[in-house]
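Numbered per UniProt numbering, the sequence shown finishes at 262, counting up by one with no gaps.
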Amino acid sequence: MVTFTPTPIGNLDDISKRALLALQNAEIIFCEDTRVTKKLLNLLNIPLNKEFISMHSHNEDKVLSKIDPQTLKSKEVVYVSDAGMPAISDPGSKLVKFCQKHDIPYTVIPGANAALTAFVASGFEGEFCFHAFLPHKGNERNEKLKEIINSNKIAILYESPHRIEKLLNELKELIPDREIFLAKELTKIHETYIKGKAKDIELKNTKGEWVVVIDKGENKKTLELSYDEISALPIPPKEKSKLLAKISEKSAKEIYKELINQ
């Protein structure tokens with residue numbers, strides 16, 4: 001049995017009873033960094049009499065290739081990331097697929113997550129989309145930003161202390177009047193929230209891992225016309241035939257012939 005177990009994102013008291021029990025009973029613990037996980041177990045007064053296996057984004061495939069599925073079926077196994085929910089901008093999904101492929105029983109314990117915590121704290125309402133970390137540079141980053149700011153959904157993303165000012169400057173240029181919400185040190189003593197229009201936000205201290213929540217843009221109303229309404233428009237037959245072809249099963253060529261023969 002494999003239990004995907006969340007860990008606190010800052011405040012140790014956020015560990016759940018189910019997560020504690022899973023860690024206590026575990027015979028094998030897969031984790032991103034064994035040092036981080038052992039430190040957590042020490043803080044929780046959980047004995048380290050377990051097998052710890054490092055499995056992170058750079059070695060997942062290699063580790064999984066050496067695992068005997070029967071071992072995961074017969075033992076109490078836990079997977080944790082360094083902080084928060086496994087598989088959310090962290091490794092874990094490949095182990096889930098491994099369990100599914102080999103019919104290994106598994107369960108997921110709900111728990112702390114920085115993206116959802118920041119979303120609730122933002123006060124924004126509506127559908128949202130989680131984008132994790134943006135590409136660092138180049139056209140890929142520009143295209144992703146365009147996708148985010150043109151969406152009618154709230155965007156949630158993570159940013160490092162080294163690039164938060166770059167992102168903020170990009171948002172000031174692209175959507176100066178859009179409301180955004182910034183959060184860092186979530187659940188910790190120095191938890192910080194900043195909210196306002198992109199153009200008005202100035203960061204005095206960029207240290208810490210940031211969650212950025214961008215409010216959705218205004219809904220763009222689209223004008224939908226029927227076949228007959230488009231046919232009645234005072235526009236050239238060639239342009240009209242192209243428009244009509246998009247909402248009918250006829251080709252633009254067929255429609256054009258019909259129009260000029262009317």
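Cβ atoms here follow ideal geometry from the backbone N, Cα and C, with glycine treated the same way.
Exercise for the section: State the start and end residues of the unbroken beta strand (DSSP E) segment that holds serine 54. Expected result: For the purposes of this step, residue 54 is identified with residue 54 of the sequence shown, where counting begins at 1. Segment 51 to 54, the beta strand (DSSP E) holding serine 54.
Problem - Environment of valine 213 [buried if 16+ CB atoms lie within 10 Å] - result: In the sequence shown, the residue the question calls residue 213 occupies position 213. Buried, by the Cβ-count rule.
Handout entry: Length of the line joining the Cα atoms of tyrosine 193 and leucine 171
Key = Working through the sequence shown from its first residue, we reach residue 193 at position 193. Working through the sequence shown from its first residue, we reach residue 171 at position 171. Computed Cα separation, rounded: 18 angstroms.
Problem - Assigned exposure category for leucine 21 - 16 Cβ within 10 Å defines buried - result: In the sequence shown, the residue the question calls residue 21 occupies position 21. Exposed, since its Cβ has fewer than 16 Cβ neighbours within 10 Å.
Handout entry: Buried or exposed (CB count within 10 angstroms, at least 16 for buried), lysine 184
Key = Along the sequence shown, one-based indexing puts residue 184 at 184. The residue is buried, with at least 16 neighbouring Cβ atoms inside 10 Å.
Practice task
With a 10 Å radius around its C-beta and 16 neighbouring C-beta atoms as the bar for buried, classify aspartate 215 as buried or exposed.
Solution key: Here residue 215 is taken as the residue at index 215 of the sequence shown, counted from 1. When all chains shown are included, aspartate 215 counts as buried.
Practice task
Check the DSSP bridge columns for tyrosine 158 and list the partner residues they point to.
Solution key: Within the sequence shown, numbered from 1, the residue matching residue 158 stands at position 158. Note: tyrosine 158 sits in a beta bridge opposite Phe133, Val211.
Exercise for the section: Give me the Cα-Cα distance between serine 89 and serine 81, rounded to the nearest whole angstrom. Expected result: Reading the sequence shown from its first residue, position 89 is the one you call residue 89. Reading the sequence shown from its first residue, position 81 is the one you call residue 81. C-alpha separation (whole angstroms): 10 angstroms.
Problem - Rounded straight-line distance, which links the Cα of lysine 38 to that of serine 160 - result: The sequence position of residue 160 within the sequence shown is 160, counting from 1. The sequence position of residue 38 within the sequence shown is 38, counting from 1. Serine 160 and lysine 38: Cα-Cα distance of roughly 25 angstroms.
Handout entry: CA nearest to the CA of alanine 83, picked from Glu32, Leu116, Thr206, Leu95
Key = Here residue 83 corresponds to residue number 83 of the sequence shown, with the count starting at 1. Answer by Cα proximity: Glu32.
Practice task
Please determine if the segment 67 to 79 and the segment 94 to 107 are in contact, where contact requires at least 3 C-beta pairs separated by less than 8 angstroms.
Solution key: yes
Problem - At least 3 beta-carbon pairs within less than 8 angstroms: the segment 115 to 127 vs the segment 144 to 154 - result: yes
Practice task
Would you list, in sequence order, the uninterrupted alpha helix (DSSP H) runs of no fewer than 4 residues that lie entirely inside the segment 59 to 144?
Solution key: As far as the segment 59 to 144 is concerned, its whole alpha helix (DSSP H) runs of at least 4 residues are 60 to 65, 69 to 74, 93 to 101, 114 to 122.
Practice task
Could you give the DSSP three-state label for threonine 34: helix, strand or coil?
Solution key: Taking the sequence shown and counting its residues from 1, the one referred to as residue 34 is at position 34. Three-state DSSP puts threonine 34 in a helix.
Problem - Opening and closing residue of the beta strand (DSSP E) in which lysine 197 lies - result: Working through the sequence shown from its first residue, we reach residue 197 at position 197. Element bounds for lysine 197: 192 to 197.
Problem - Nearest-angstrom Cβ-Cβ length linking isoleucine 235 and leucine 244, presumed shorter than 8 angstroms - result: If you number the sequence shown from 1, residue 235 lands on position 235. If you number the sequence shown from 1, residue 244 lands on position 244. With a Cβ gap of about 11 angstroms, isoleucine 235 and leucine 244 do not count as contacting.
Problem - Beta-bridge partners of leucine 182, as assigned by DSSP - result: What you label residue 182 is simply residue 182 of the sequence shown in a count that begins at 1. Per DSSP, Ile194, Val212.
Problem - Beta bridge counterpart(s) of isoleucine 15 as assigned by DSSP - result: To locate residue 15, count along the sequence shown from 1; it is residue 15. In the DSSP assignment, no residue is bridged to isoleucine 15.
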